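Chemist:
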Amino acid sequence: MDYFLGMTILDIIFQVEFGTASFRYYEKVFVRKYPKGWIETKKTIASTLKRAYAVQRTTLIDFLKPLGENVGLYKLDFAVAGTQMSPKASGNRVIFSLSNKDRIVTVLLIYGKDRLPKNMT
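For reference, each letter of the sequence shown is one residue, going 1 to 121 in this note's numbering.
1. Would you kindly work out how many angstroms separate the C-alpha atoms of Ser86 and Asn92, rounded to a whole number?
2. So which of Val16, Lys42 and Ile9 has the shortest CA-CA distance to Tyr111?
3. Taking the CB atoms as reference points, tell me whether Phe78 and Ile45 lie closer together than 8 Å.
4. Would you tell me roughly how many angstroms separate the C-alpha atoms of Arg32 and Val80, rounded to the nearest one?
5. Would you call the stretch 89–106 and the stretch 11–21 in contact, with 3 or more CB pairs under 8 Å?
6. Does DSSP put Thr106 in a helix, in a strand, or in coil?
7. If you follow the beta strand (DSSP E) that Gly72 is part of, which residue opens it and which one closes it?
8. Let me check one thing: in DSSP terms, what residues is Tyr34 bridge-paired to?
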């Protein structure tokens, strides 16, 4: 495992789970603000994370830190469907853990940088 470049994501299809905290804290804001676009966006997030190997070398996924053997913490940039913004420029992020061994991606947090207090960005 190379800690400078991040944990290598295996070329497998992952099972994607959305944690309860991801909805409780920030996802509900997206649901209210983008009622039509959010459904498509959530499907796209799940689809992207299912095939994380294919996008690991792009600028959409950033490795944050190792959480154990074959488990890492990552950040995914995304844009809400229909907003005409790039994922980076939108400021929208997904924090997720990825386990190569268990083949599971767990979405821990979904947020927009413009919705966080200044000391949390």
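Just so you know, even glycine gets a beta-carbon here, dropped at the ideal spot from N, CA and C.
Being a predicted model, the structure only gives us computed values, none of them experimental.
Modeler: Short version:
1. Put simply, the backbone Cα of Ser86 is about 10 Å away from that of Asn92.
2. Of Val16, Lys42 and Ile9, the residue nearest in Cα terms is Lys42.
3. Yes. Within cutoff.
4. Each residue's Cα considered, the two are about 12 Å apart.
5. Yes, since at least three Cβ pairs between the stretch 89–106 and the stretch 11–21 fall closer than 8 Å, the two stretches touch.
6. The three-state reading of DSSP puts Thr106 in strand, counting E and B together.
7. Its beta strand (DSSP E) spans residues Val71 to Phe78.
8. Checking the DSSP bridge columns, you'll see Tyr34 has no partner listed.
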